[in-house]
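Report on the structure given below.
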Amino acid sequence: MSLLSKAEIRYLEGSKKISKSYEYKLKSILKKKLATLLDKELPLLTSLFPNPDLTKFSKGRSPLKATIPGSNPGRSILCLEKEAQSEFLLRISVL
Numbered sequence: 205m206s207l208l209s210k211a212e213i214r215y216l217e218g219s220k221k222i223s224k225s226y227e228y229k230l231k232s233i234l235k236k237k238l239a240t241l242l243d244k245e246l247p248l249l250t251s252l253f254p255n256p257d258l259t260k261f262s263k264g265r266s267p268l269k270a271t272i273p274g275s276n277p278g279r280s281i282l283c284l285e286k287e288a289q290s291e292f293l294l295r296i297s298v299l
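Start counting the sequence shown at 205; every next residue gets the next number (this note's numbering).
Given below as structure tokens:
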């Protein structure tokens, strides 16, 4: 299940040609979704899992601190999520 619609995803990927008025509408929708996610939904999720090391999903290991195999094995998922969030915010601010 995705937080974004197919049209929003295609627009962000740059694979969808749209009119200026529809582009304005999509930008407005994306900004509203992002604000809702950051201001309301993430704090609620954080309160649900205050200590990610003890969640039943992690089995004693934090899913946010799991290492990523590859060129930089010390890099964590949390680090990657923050980078993705920053990139998304930057992309939205350019819109």
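For glycine and all other residues, C-beta sits at the position ideal for the given N, C-alpha and C.
Note that the coordinates shown come from a computational prediction; the quantities given were computed from them, not determined experimentally.
How far does the alpha helix (DSSP H) with I213 in it extend, from its first residue to its last?
K210 to E217
Would you decide whether Y215 is buried or exposed? Buried here means 16 or more other CB atoms lie within 10 Å of its CB.
buried
Contact under 8 Å by Cβ, E217 with I233:
no
To the nearest angstrom, how far is it from the Cα of K269 to the Cα of K210?
The predicted model places K269 with a pLDDT of 48, which falls under 50 and marks its position as unreliable, so this point remains unresolved.
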